[in-house]
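Written below as structure tokens is the structure these notes are about.
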Amino acid sequence: MTSHLPDEHVQPAGLAEDPLVDALRRAGCVFAEDEAALIRRHALAAELDDLLRRRIAGEPLEHLLGWVQFGGLRLSVGPGVFVPRQRSLLLAREAVTAAAQRREPVVLEAFCGVAPIASAVAATVDGAQVHAADIAADALVHARRNLPDRAQIHHGIGFDGIPASLRGRVEVIAAVPPYVPEHAFDLLAPEARDHEPRRALTGGVDGLHHIEALIADAQTWLSDDGVLLVEMNVAQFDAVAVRDGHSSAFALDAVPGDDGQTVVARLRRRVRAACQTPRA
């Protein structure tokens, strides 16, 4: 039993005979001491037994605490929503870098969930016009808490909820679309499988359903010099790279993650040469 909170180091709650630590360790928590300290620090005394019971039952620690540490940000999360993974910090860094190279960039996080990437851009890039979109209304409640008031939130899958006024104007699109293949769902950790929405995890037979749709639709929404950044598995990148049509629309490369499994696919819009005027 693991959590997605490795960035915040806490002192152990006590020695091995600490009953809270012992209970968490027996339940399979890898970081029992740290989790016990976090629960004690952020729970009222009256909540402690209930939170311990729910954690032992497998509920993600982030859902119990109501937040996840994501780089320098503490993001609101809650029961039933997808918890941002630490591996997505790579995507956040790439999005911030791409946005910072532009003046008042228009940035969209598609499939945003609680909007970790949009939040990172909003907190780092001055003047960024930040948008975030997702189909899950409960996740967007947390996205609203995580983003500044000036950021705009849209309800819809992919680009369905994006206002038409942004068509052809978005300079940076970043996304962690659901990319777990259906056959691999049962291999996920119980915390994800049992407590996060399946639609936020799986992406069809090969995991590429939403990724392929995102790449195809992005051609309409990106500006002429726009970039699309998509987190995916390294094997999926190889499959995407050889798909017909992608190379003609985008210059594509991969930014590898430290885990050896994840990459950020970076797709830069190819600028088409102006058509020559035909001779009379």
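Residue numbers for the sequence shown follow the numbering used here, so the first one is 44 and each next one is one higher.
Quick reminder that beta carbons are idealized off the backbone N, C-alpha and C, glycines included.
| Asked | Found |
| --- | --- |
| Spatially closest choice to VAL270 from ALA294, SER162 and GLY121, by CA coordinates | ALA294 |
| Cβ separation of VAL307 and LEU272, assumed to be a contact under 8 Å, to the nearest whole Å | 6 Å |
| Beta-carbon contacts of THR245 that lie in its chain and below 6 Å, excluding the five residues immediately before and after | PRO221, VAL223, GLU225 and PHE228 |
| Spatial neighbours of ARG236 in its chain, beta-carbon cut-off 6 Å, leaving aside the 5 residues before and after | none |
| Backbone secondary structure at ILE196 - three-state DSSP | strand |
| Whole alpha helix (DSSP H) elements within the stretch 86-172, 4-residue minimum | 91-99, 104-108, 132-143 and 159-167 |
| Cβ separation of HIS253 and PRO103, assumed to be a contact under 8 Å, to the nearest whole Å | About 23 Å; that fails the 8 Å criterion. |
| Exposure label - SER208; buried when at least 16 CB within 10 Å | exposed |
| Member of VAL173, CYS72, LEU95 and ASP181 whose CA lies at the smallest distance from the CA of ASP125 | The displayed chain sequence assigns Phe, not Asp, to residue 125. Comparing Cα-Cα distances from PHE125 to each of VAL173, CYS72, LEU95 and ASP181, the minimum goes to ASP181. |
| When GLY211, ALA143 and GLU137 are compared against PRO159, the one with the closest alpha-carbon | GLU137 |
| Cβ neighbours of CYS155 in the same chain (closer than 7 Å, five flanking residues each side left out) | ALA161, ALA175, ALA176, ASP177 and ALA186 |
| Local Cβ density within 10 Å of LEU87, reported as buried at 16 or more and exposed below that | exposed |
| Distance, GLY211 Cα to TRP110 Cα | 35 Å |
| Segment limits, beta strand (DSSP E) that includes ALA218 | 213-218 |
| Environment of VAL248 [buried if 16+ CB atoms lie within 10 Å] | exposed |
| Inter-residue CB distance, ALA142 and VAL168 (contact presumed, cutoff 8 Å) | 4 Å |
| THR305: first and last residue of the uninterrupted beta strand (DSSP E) it sits in | 305-312 |
| Reduced DSSP category for LEU272 - H, G, I as helix; E, B as strand; rest coil | strand |
| First and last residue of the uninterrupted alpha helix (DSSP H) at ASP281 | 277-284 |
| Helix, strand or coil at ASP249 according to DSSP, with G and I counted as helix | coil |
| Burial state of ARG98 (16 or more Cβ within 10 Å) | buried |
| Integer-rounded CB distance, given that ALA261 should sit under 8 Å from ILE196 | The pair is not a contact, with the Cβ atoms about 19 Å apart (cut-off 8 Å). |
| Distance between ALA282 and ASP192 (C-alpha atoms, nearest Å) | 39 Å |
| Rounded C-alpha distance that separates GLN304 from GLY115 | 24 Å |
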